[in-house]
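Below is one structure, written out as structure tokens, with a few remarks after it.
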Amino acid sequence: MATTILRTSDGKLDSQDLESLANLEKRLEHGSRKLLLYLHGGLVDQKSAEEMATRLSAAGGLNPPDDWEQVYVIWRTGVAETLRANWLDLFENDRLYRALFKKLMPYISEKLGGLTPVGRGGAIVNPMTDDEVEAALQSRSDHPFADLEEKPSVPGIASSRAAALGNVSDDDVEMELGKRIELDPDLQKVCANIDTYIARKTLDVSRGNHVADAVQGEKTFSKVNTEIQSEWEDRDQVTGRPRALLIGGSLISVAKHGVRIAIRVISRMRKGRDHGVHATIAEEMVREFYGDLIGSIVWGMMVKDARDHFNPGSVGPRLISALSGVKDLQLLVVGHSAGSIWATEFLSARNAPGVPPADLVLLAPAIRIKRFADFLSSAPDAIRNFRMFIMSDKLERADVLLGKGYGFLYPSSLLYLVSGLFESEGEDGAFDAALLGMDRFVGQEPPKLSDQKEIAALEKVRAFLNAEPNRVILSESNAGAGLNCLSHAHGAFDDDPKTLASVATYLG
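Counting with the numbering used here, you get residues 49 to 556 for the letters of the sequence shown.
In structure tokens form, the structure reads like this:
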């Protein structure tokens, strides 16, 4: 049976594929009764998505019988390119990011009890130095701070992070870390560059006194959030001068924001809502300074794009209409990563009395648990059979987001980053948001949530997953036909032969 590729942008079908959709509609009108709808992740670029569709639809891919239609939606968001480019640029070229990270990592490790990383000679000595942090980053190890991720367990040290951090007050952080930031030569130089740039840009009377590197200052200034730019550039009500040029300048502001980052990291660790020392510091640094480049705004663009496919005049309603007239339709929907968001939007929009339910298979779904719970409530009859394949939490933490050799940027998987940084709605959404594809929330005792709506949603979803056996398959699994999965990375589910063979059991 034919394979249909539907390329979209902003929910609209590309003109090159209008004929392909029309041909699919004709085949559905004249006898096709079985259809596979495959939805890739939102961080996949067009070229990779097209190659994936070609591979999965060919022999050795999903191998559906000849009477199955295969439809692959290639939805372009541009998020993958944006995420990788912006984060690499921060690390390689943004002096503020690197210099501040080198103050935060030693400080947090110190507050955890001064545990010594393996290889530094023992149990209780001084915390990491700036030079050791820099050396760890330069090592290009996938997990340069792995030995700080273990909970304190040395005799004489508190048995948990919460206890280790229990006596650290916000005032302590402000006094200790704030002073270290203000006295740091690298950060002093970075902020002098910022001040020089602002002085020249605004033609301030003091511009002759600012002789640092304005070009570097502009580069740093251009990357931070607009709120921080305004904080530095806005005129002081008394003097009428940009705030960054007053006594202390941007350095005082950077110290203030650095303290905020550390306070949030410590708070998350106390509550058991952290993602490990390195990942949590990276998440909170980006949230505080660079959310416009790498954060909920970028992820929100992709979520919106998934939903835009079901606006009037978009491709979603037309596809649903084409399927609505098919008697005894057998429909399998497969969603990988953010494709799970697309899948639930599709099934929600399709849900109506008399519409036959679909089989739904999700691979490492990035959909928020609350959204999935809402879907289960609003469309309780939309799913006939359900299964999802996810990684164990150990594998999830070990999966480097941007690929091997880039763990110095972020040491864990895309789902951890989405959970820690990209979601923002609700009391439990600003950090450690509950995602359907995370073993952390669905396969083990979950962290203690505080938002009652999130708690109810998690209970509903866990009840659904436990209502029938084998709705959740945890990699690694070799439990038999339809239950096997050896995926070790977020992006590997669509090319792991065991996982693909398991998905293919729904195509019999």
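Just so you know, even glycine gets a beta-carbon here, dropped at the ideal spot from N, CA and C.
Notebook entry, point to check: So does LEU235 have its beta carbon nearer than 8 angstroms to some heavy atom of the ligand ZN?
Noted result: For the ligand ZN, the structure offers nothing, since it holds no ligand at all.
Item checked: Simplified DSSP state of GLU279, which is helix, strand or coil -> If DSSP states are grouped into helix, strand and coil, GLU279 belongs with the helices.
Notebook entry, point to check: Hey, which unbroken runs of the alpha helix (DSSP H) at 4 residues or more fall wholly within the stretch 357-398?
Noted result: 363-372, 387-398, all fully within the stretch 357-398.
Margin query: Using only CA atoms, which one of ALA330, ALA397, GLY383 lies nearest to PRO360?
Written below: Nearest in C-alpha terms to PRO360, of all of ALA330, ALA397, GLY383, is ALA397.
Note to self: Suppose contacts are defined by Cβ-Cβ distances below 9 angstroms. Is VAL313 in contact with ILE229 by that definition?
What the structure shows: Contact: no.
Next item on the list: Answer with buried or exposed for GLY204, where buried requires no fewer than 16 other C-beta atoms within 10 angstroms of its C-beta.
Entry: Bear in mind that a pLDDT of 39 at GLY204, under 50, signals an unreliable position, so the number given afterwards is only what the model happens to contain. GLY204 sits exposed, since fewer than 16 C-beta atoms from the chains shown fall within 10 Å of its C-beta.
Note to self: Just list the residues that DSSP pairs TRP116 with in beta bridges.
What the structure shows: DSSP output for TRP116 lists LYS82 as bridge partner(s).
Item checked: Segments of 3+ residues assigned as beta strand (DSSP E) that fall wholly inside the stretch 208-234 -> Considered as a whole, the stretch 208-234 harbours no complete run of any beta strand (DSSP E) with no fewer than 3 residues.
Item checked: Residue range of the unbroken beta strand (DSSP E) whose run includes ALA406 -> ALA406 -> beta strand (DSSP E) spans 406-411.
Next item on the list: Keeping to the same chain, check which residues put their C-beta closer than 6 angstroms to that of ARG143; ignore five residues upstream and five downstream.
Entry: Around ARG143: VAL238.
Margin query: Measuring straight from C-alpha to C-alpha, what distance separates LYS380 and PRO113?
Written below: In the sequence as presented, Lys is not what sits at residue 380; that position holds Leu. Each residue's alpha carbon lies about 13 angstroms from the other.
Margin query: Rounded to the nearest angstrom, what separates HIS191 and ASP376 at their Cα positions?
Written below: Between the alpha carbons of HIS191 and ASP376 lies a distance of about 51 angstroms.
Next item on the list: Could you pull out every unbroken alpha helix (DSSP H) segment of at least 4 residues lying fully inside the stretch 306-354, listed in chain order?
Entry: The stretch 306-354 contains these whole alpha helix (DSSP H) runs: 325-337.
Next item on the list: Report the rounded CA-to-CA distance for GLU332 versus LEU469, giving the unit in angstroms.
Entry: Whole-angstrom Cα-Cα distance: 8 angstroms.
Notebook entry, point to check: How would you write the range of the alpha helix (DSSP H) that VAL403 sits in, first residue to last?
Noted result: Unbroken run through VAL403: none, as it is neither H nor E.
Notebook entry, point to check: Closest to GLN500 by CA distance: which of LYS418, ILE309, PHE437 is it?
Noted result: Ranked by Cα distance from GLN500, the options LYS418, ILE309, PHE437 are led by LYS418.
Check: For VAL578, which of helix, strand or coil comes out of DSSP?
Finding: Since the first residue shown for the chain is 49 and the last is 556, residue 578 is missing from the structure and cannot be characterised.
Checklist line | Proximity to PRO405 [Cα-Cα], best of ALA414, PHE394, ALA412 | finding: By alpha-carbon distance to PRO405, the top candidate from ALA414, PHE394, ALA412 is PHE394.
Item checked: Per DSSP, cross-strand counterpart(s) of VAL121 -> According to DSSP, which records beta bridges pairwise, VAL121 is partnered with LEU54, LEU87.
Check: Near LYS151, which residues of its chain fall below 8 angstroms by C-beta distance, leaving aside the five closest residues on each side in sequence?
Finding: Counting only Cβ-Cβ distances below 8 angstroms, and skipping sequence neighbours, we find ASP178, LEU225, ARG228, ILE229, ASP232, LEU235, GLY306.
Note to self: In the DSSP output, which residue or residues are listed as bridge partners for LEU156?
What the structure shows: Checking the sequence shown, residue 156 turns out to be Ile, not Leu. Per DSSP, none; premise fails for ILE156.
Next item on the list: Give the straight-line distance between the Cα atoms of LEU196 and ILE311, rounded to the nearest whole angstrom.
Entry: In a straight line, the C-alpha of LEU196 is about 18 angstroms away from that of ILE311.
Next item on the list: Could you tell me whether the Cβ atoms of SER467 and ALA481 are closer together than 9 angstroms?
Entry: Yes, the pair counts as a contact, with Cβ atoms nearer than the cut-off.
Checklist line | Local Cβ density within 10 Å of ARG416, reported as buried at 16 or more and exposed below that | finding: The residue in question, ARG416, is buried, as its Cβ has 16 or more Cβ neighbours within 10 Å.
Next item on the list: Return the Cβ separation of ASP542 and LEU104 in integer angstroms, given the expectation that the two are a contact with Cβ distance under 8 angstroms.
Entry: That belief holds up - the Cβ atoms of ASP542 and LEU104 are roughly 7 angstroms apart, short of 8 angstroms.
Margin query: I need the DSSP call for ASN433, collapsed to helix, strand or coil.
Written below: Residue state, collapsed to three classes: strand.
Note to self: Can you tell me which residues form a DSSP beta bridge with PRO175?
What the structure shows: The bridge partners DSSP lists for PRO175 come to none.
Margin query: Looking only at its chain, what residues have a beta carbon closer than 6 angstroms to the beta carbon of ASN241, apart from the 5 residues adjacent to it on each side?
Written below: Closer than 6 angstroms at the Cβ level, and outside the excluded window around ASN241, lie ALA260, ASP261, GLN264, GLY265.
Item checked: Contact between the stretch 74-86 and the stretch 511-523 (3+ Cβ pairs under 8 angstroms) -> The stretch 74-86, when compared against the stretch 511-523, does not touch it at the 8 angstroms Cβ threshold.
Margin query: Please classify GLU99 as buried or exposed, where buried requires at least 16 other C-beta atoms within 10 Å of its C-beta.
Written below: The residue in question, GLU99, is exposed, as its Cβ has fewer than 16 Cβ neighbours within 10 Å.
Item checked: Rounded C-alpha distance that separates TYR554 from LEU408 -> About 9 angstroms.
Check: At what residues does the alpha helix (DSSP H) containing LEU72 begin and finish?
Finding: Run containing LEU72: 66-77, per the alpha helix (DSSP H) assignment.
Notebook entry, point to check: DSSP puts VAL486 in a beta bridge; with which residues?
Noted result: One detail in the question is off: residue 486 reads as Met in this sequence, not Val. Its beta-bridge partners do not exist; DSSP assigns none.
Item checked: 8 angstroms contact criterion, which ILE246 and GLU281 should meet: CB distance rounded -> About 6 angstroms; that satisfies the 8 angstroms criterion.
Next item on the list: Starting from the C-beta of ASN399, find all residues in its chain whose C-beta is less than 6 angstroms away, skip the five residues before and the five after it, and write them out in chain order.
Entry: Taken in chain order, the residues that qualify are ALA427, ALA430.
Checklist line | Closest residue to LEU463 among LYS452, ILE438, PHE456 (Cα-Cα distance) | finding: Among LYS452, ILE438, PHE456, the Cα nearest to that of LEU463 belongs to ILE438.
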